[in-house]
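*Asks:*
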Amino acid sequence: MSLNTPMPDTIDLEIRCPIETRVLSILRNFVTSIAAYVGFNAEETDKIEMAVDEACANVIRHAYKHLGVSPDLPEAEQAEDANAAQCTLRLRLVLGEDFLKIIIIDNGIGMKNRPPGVDSLEEYTERGGTGGLGTYIIKNFMDEVEYDFPEESGTILTMTKYLISTAKSS
Amino acid sequence: MSLNTPMPDTIDLEIRCPIETRVLSILRNFVTSIAAYVGFNAEETDKIEMAVDEACANVIRHAYKHLGVSPDLPEAEQAEDANAAQCTLRLRLVLGEDFLKIIIIDNGIGMKNRPPGVDSLEEYTERGGTGGLGTYIIKNFMDEVEYDFPEESGTILTMTKYLISTAKSS
Amino acid sequence: MKNYDLNIQDPQDGVAFRKVDVIGCLDSHTVVGFEKSLHSLLDEDVTKLLINLEQLTYISSAGISALMGLTHRLRQRDGELVLLKPTDKVHRVFRTLGFTNIFKIVEDDSEVEASFKG
Amino acid sequence: MKNYDLNIQDPQDGVAFRKVDVIGCLDSHTVVGFEKSLHSLLDEDVTKLLINLEQLTYISSAGISALMGLTHRLRQRDGELVLLKPTDKVHRVFRTLGFTNIFKIVEDDSEVEASFKG
Ligand SMILES: Nc1ncnc2c1ncn2[C@@H]1O[C@H](COP(=O)(O)OP(=O)(O)O)[C@@H](O)[C@H]1O
Ligand SMILES: Nc1ncnc2c1ncn2[C@@H]1O[C@H](COP(=O)(O)OP(=O)(O)O)[C@@H](O)[C@H]1O
């Protein structure tokens, strides 16, 4: 599906926000109310909330670290102006009759040659419980998850949850 | 203030949505949670919610009517594809320490030569109670309201509410 | 998420008015269906109309204008519109904008009968 | 909107563990302050740590990793981390992901004392 093709009978929204962890709670609130609007129950809404939080946290923490934009960097290595670095985080939401598709787009370093997330909780604990849980949550909490890496730059994460859930993990 | 100048210590978000009245409840939910985040109390939040609803409803109902995009048009006069008409509704939110600035941008017909909203409730009832209340609500419920009409097209409505409210109407 | 519903109560023997419950929000989206249903009801020659706002969570200018429209149409036939128990949020909007002087608003079921003139 | 707070309770006579209440959400934003406070506390040679999750409304992988970090640091000094009364929402996350097998979780104040080994 092309990013710009509208689907019939859907509502298509997009939100742009700055690369700051402060926005996470705002985005969670937004996605939670959208999920309720589509008709997901509380448990499914919790999963969507968490998947979006993890995905956006990853963009904020990892996508622009090479440009000095990441909360994980020490003060001295932070870019003076994150806006100047043209870093973007876009959340596109496609509300369907029986699904919610969330597309998270950044124009950062991309995930191609990066340490992958864990595939199981065992792997997570073996690695010392320090990381890799985010992508694991995303894959387990959503019904369909796809990562794309456009030629130019960045990562496009497309994740879908269906109302009559075929979730793998509950 | 230029649209693209970031302000220090603010969070700057933008949401784009389709020209459909269905989105109004979603936008109200979003703005309500943002207002609570900034710290507005329930009464102030209600006013912000209503002002945003009125402003977005105006864009949806009036800005693109000449292109066949408006819920007020009879079926036969509706454009086949609103997306094709390149109609946009953008809501920019600037969250400050003690204020919330909301900028609603459309690229429609503009408000320059249009029937103005009412200036009082008397005027509203004299006109038969049929319209003009939206802009009245916006002006009364927000602390600062400014309409701009860019050369190209459309309307930019900038409205601000301060935490220690200097609202005129309560 | 269903955020609008309308419940038109059946006419009752010995009750001079028709009662309608509005549930959810009345904004530019939901007002279209609201106006359609209410104007059909008025076509049935209803003159005394009670709209129960107990479960109305939000009203915009579009909803207020719809209520104004009903007021006018009912007055033309010597009828009347009475609004019952608006939620705090909706009542505050009416009050702040001055509509408490325009609409007849009743806070208790016991006052409804008397609130309809004639 | 304040959506995170931490309450580190003072040491109490006769109580072998330190109790900390986490209030609000533990995400990539708030976890920074949480880790800082907790690691300072551990610098005080605390070995038995009880984190009260009764008022924790949300936890992300960043919060979970922080709890894992505390678990490891405490084990290194033969100490232990116990989690008290997680909210349904947080408990469900732990359960779904399998962390109920990793963390020691206690549902009742009366079980706390016994839950710390040794
Ligand atoms: N949007 C992104 N851009 C660049 N790298 C990313 C992005 N998302 C994830 N990554 C990479 O994938 C790795 C695994 O992510 P994740 O499973 O969430 O674990 P964690 O964030 O704890 O490391 C990250 O460490 C990072 O290197
Ligand atoms: N974004 C907009 N683009 C074009 N025209 C607008 C816009 N907003 C408002 N208007 C015009 O201003 C008038 C007054 O608006 P308002 O006070 O909300 O009353 P109403 O929408 O009930 O007519 C509208 O009828 C319309 O002609």
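Residue numbers (the numbering used here), protein chains in the order written: chain H, -1 to 168; chain E, -1 to 168; chain S, 2 to 119; chain W, 2 to 119. C-beta atoms are modelled at their ideal positions from N, C-alpha and C, and glycine is treated no differently. Fair warning: this is a prediction, and the values are worked out from it, not measured in the lab.
Find out if the Cβ-Cβ distance for the pair V94/W, V113/W is shorter than 8 Å.
*Replies:* Indexing the fourth sequence from 1 puts residue 94/W at position 93. Indexing the fourth sequence from 1 puts residue 113/W at position 112. Cβ atoms of V94/W and V113/W: not closer than 8 Å.
*Asks:* Measuring only the C-alpha atoms, how far is R19/S from L7/W?
*Replies:* Numbered from its first residue, the third sequence carries residue 19/S at position 18. Numbered from its first residue, the fourth sequence carries residue 7/W at position 6. Approximately 56 Å between the Cα atoms of the pair.
*Asks:* If we define contact as Cβ-Cβ less than 8 Å, is S68/H a contact residue for chain W?
*Replies:* Taking the first sequence and counting its residues from 1, the one referred to as residue 68/H is at position 70. Chain W, which has no Cβ nearer than 8 Å to the Cβ of S68/H, makes this no.
*Asks:* Going by beta carbon distance, what residues of the same chain come within less than 8 Å of A63/W, once the five residues before and after it are set aside?
*Replies:* Here residue 63/W corresponds to residue number 62 of the fourth sequence, with the count starting at 1. Closer than 8 Å at the Cβ level, and outside the excluded window around A63/W, lie L27, D28, S29, V32.
*Asks:* Can you check whether the C-beta of S167/E is within less than 8 Å of a C-beta belonging to chain S?
*Replies:* Here residue 167/E corresponds to residue number 169 of the second sequence, with the count starting at 1. Residue confidence is low: S167/E scores 43 on pLDDT, short of 50, so the model does not pin down where it sits. Its coordinate-derived value is still stated next. It does: the Cβ of S167/E has a partner Cβ on chain S nearer than 8 Å.
*Asks:* In this structure, does DSSP put K99/H in helix, strand or coil?
*Replies:* To locate residue 99/H, count along the first sequence from 1; it is residue 101. DSSP places K99/H in strand when its eight states are reduced to three.
*Asks:* Excluding sequence positions up to five away, which residues of its chain have a Cβ less than 8 Å from the Cβ of T88/S?
*Replies:* The count along the third sequence starts at 1 and reaches residue 88/S at position 87. Closer than 8 Å at Cβ, skipping near neighbours: L54, E55, Q56, L57, T58.
*Asks:* My assumption, with CB atoms under 8 Å, is that F28/H sits in contact with S31/E. Please give the rounded CB distance.
*Replies:* In the first sequence, residue 28/H corresponds to position 30, counting from 1. In the second sequence, residue 31/E corresponds to position 33, counting from 1. Contact holds; Cβ gap of about 7 Å.
*Asks:* Quick one: grab the DSSP three-state call for Q77/W.
*Replies:* By one-based count along the fourth sequence, residue 77/W stands at place 76. It is helical.
*Asks:* For N39/E, which three-state DSSP category applies?
*Replies:* Here residue 39/E refers to the residue found at position 41 of the second sequence. Here N39/E sits in coil by DSSP.
*Asks:* Using the rule of at least 16 other Cβ atoms within 10 Å of the residue's Cβ for burial, across every protein chain shown, is I162/H buried or exposed?
*Replies:* Within the first sequence, numbered from 1, the residue matching residue 162/H stands at position 164. It counts as exposed.
*Asks:* Measuring only between beta-carbons, confirm whether N39/H sits less than 8 Å from chain E.
*Replies:* Counted from its first residue, the first sequence places residue 39/H at position 41. With 8 Å as the cut-off, N39/H does not count as an interface residue toward chain E.
*Asks:* E52/E touches chain S at which residues, Cβ-Cβ below 7 Å?
*Replies:* Taking the second sequence and counting its residues from 1, one reaches residue 52/E at position 54. Chain S residues near E52/E: S61, S62.
*Asks:* Which class does Y5/W belong to by DSSP, given the choice of helix, strand or coil?
*Replies:* Within the fourth sequence, the letter at position 4 stands for residue 5/W. Strand at Y5/W.
*Asks:* Do you know offhand how far S151/E's Cα is from M69/W's?
*Replies:* Residue numbering aside, residue 151/E sits at position 153 when the second sequence is read from its first letter. Residue numbering aside, residue 69/W sits at position 68 when the fourth sequence is read from its first letter. The alpha-carbon atoms of S151/E and M69/W are separated by roughly 55 Å.
*Asks:* With DSSP as the reference, please indicate the residues paired to N53/S in a beta bridge.
*Replies:* Translated into positions along the third sequence, residue 53/S becomes position 52. Paired residues: D22/S, L85/S.
*Asks:* Please tell me whether H92/S has its Cβ less than 8 Å away from any Cβ of chain E.
*Replies:* Stepping through the third sequence from its first residue, residue 92/S is reached at position 91. Output row for H92/S: interface = no.
*Asks:* Return yes when the C-beta of S151/E is under 7 Å from any heavy atom of ligand 4, and no when it is not.
*Replies:* Of the ligands this structure carries, namely ligand 1 and ligand 2, none is ligand 4.
*Asks:* List, in order along the chain, the chain E residues whose C-beta lies closer than 7 Å to that of G99/S?
*Replies:* Taking the third sequence and counting its residues from 1, the one referred to as residue 99/S is at position 98. In chain order: L119.
*Asks:* By Cβ distance below 8 Å, which residues in the same chain neighbour L22/H in space, the five residues on each side in sequence not counted?
*Replies:* In the first sequence, the residue the question calls residue 22/H occupies position 24. The answer, listed in chain order, is D51, C54, A55, I58.
*Asks:* Bridge partners of K159/E, per DSSP?
*Replies:* Position 161 of the second sequence holds residue 159/E. According to DSSP, K159/E bridges with L98/E.
*Asks:* Cβ atoms of V67/H and A77/H: under 8 Å apart, would you say?
*Replies:* Position 79 of the first sequence, counted from the start, is the residue given in the question as residue 77/H. Position 69 of the first sequence, counted from the start, is the residue given in the question as residue 67/H. Result yes, Cβ atoms of A77/H and V67/H sit closer than 8 Å.
*Asks:* Between which two residues does the beta strand (DSSP E) containing I13/H stretch?
*Replies:* Here residue 13/H corresponds to residue number 15 of the first sequence, with the count starting at 1. Where I13/H is concerned, the enclosing beta strand (DSSP E) stretches over 9 to 15.
*Asks:* May I ask which residues mark the beginning and end of the beta strand (DSSP E) holding V92/H?
*Replies:* As a working note, residue 92/H is residue 94 in the first sequence. That run of the beta strand (DSSP E) goes 87 to 93.
*Asks:* Based on Cα-Cα distance, which residue from D79/W, L51/W, G80/W, N102/W lies nearest to V21/W?
*Replies:* Residue 21/W sits at position 20 when you count from the first residue of the fourth sequence. It is L51/W.
*Asks:* Just to confirm my understanding: we take R14/H, look at its own chain, exclude 5 residues before and 5 after, and list those with CB closer than 6 Å. What are they?
*Replies:* Taking the first residue of the first sequence as position 1, residue 14/H is located at position 16. Excluding residues within five positions, the ones whose Cβ falls inside 6 Å are R88.
*Asks:* Please state whether DSSP places K105/S in a helix, a strand or coil.
*Replies:* As a working mapping, residue 105/S is identified with position 104 in the third sequence. It is a strand residue.
*Asks:* Quick check: does the Cβ of Y122/H come within less than 7 Å of any heavy atom belonging to ligand 1?
*Replies:* Within the first sequence, numbered from 1, the residue matching residue 122/H stands at position 124. The answer is no for Y122/H.
*Asks:* Using a cut-off of 7 Å between C-beta atoms, extract the partners of M140/H located in chain W.
*Replies:* By 1-based counting over the first sequence, the position of residue 140/H is 142. Going along chain W, no residue has its Cβ under 7 Å from M140/H, so there is no contact; the nearest lies around 13 Å.
*Asks:* From T133/H to D146/H, what does the alpha carbon distance come to, in whole angstroms?
*Replies:* Here residue 133/H is taken as the residue at index 135 of the first sequence, counted from 1. Here residue 146/H is taken as the residue at index 148 of the first sequence, counted from 1. Between T133/H and D146/H, the C-alpha separation is close to 14 Å.
*Asks:* For the segment 19 to 48 of chain E, which residues have a CB atom closer than 9 Å to at least one CB atom of chain S, in sequence order?
*Replies:* For the segment 19 to 48 of chain E, which is checked against every Cβ of chain S, the residues closer than 9 Å are T19, R20, V21, L22, S23, R26, A40, E41, D44, K45, E47, M48.
*Asks:* Contact criterion: CB-CB distance below 8 Å. Does L11/E meet it with respect to chain H?
*Replies:* Position 13 of the second sequence, counted from the start, is the residue given in the question as residue 11/E. L11/E counts as touching chain H.
*Asks:* Ignore the nearest five residues each way along the sequence and tell me which others in F120/W's own chain have a CB closer than 8 Å to its CB.
*Replies:* This structure does not reach residue 120/W, given that chain W is present from 2 up to 119, and the question cannot be answered.
*Asks:* Grab the span of the beta strand (DSSP E) containing E142/H for me, first residue to last.
*Replies:* As a position in the first sequence, residue 142/H is number 144, starting the count at 1. Element bounds for E142/H: 142 to 146.
*Asks:* Please tell me whether, using a cut-off of 7 Å, the distance from the CB of E52/E to the nearest non-hydrogen atom of ligand 2 is below it.
*Replies:* Here residue 52/E is taken as the residue at index 54 of the second sequence, counted from 1. The answer is yes for E52/E.
*Asks:* Below 7 Å, is the gap between the Cβ of V57/H and the nearest heavy atom of ligand 1?
*Replies:* As a position in the first sequence, residue 57/H is number 59, starting the count at 1. Result yes, Cβ under 7 Å from ligand 1.
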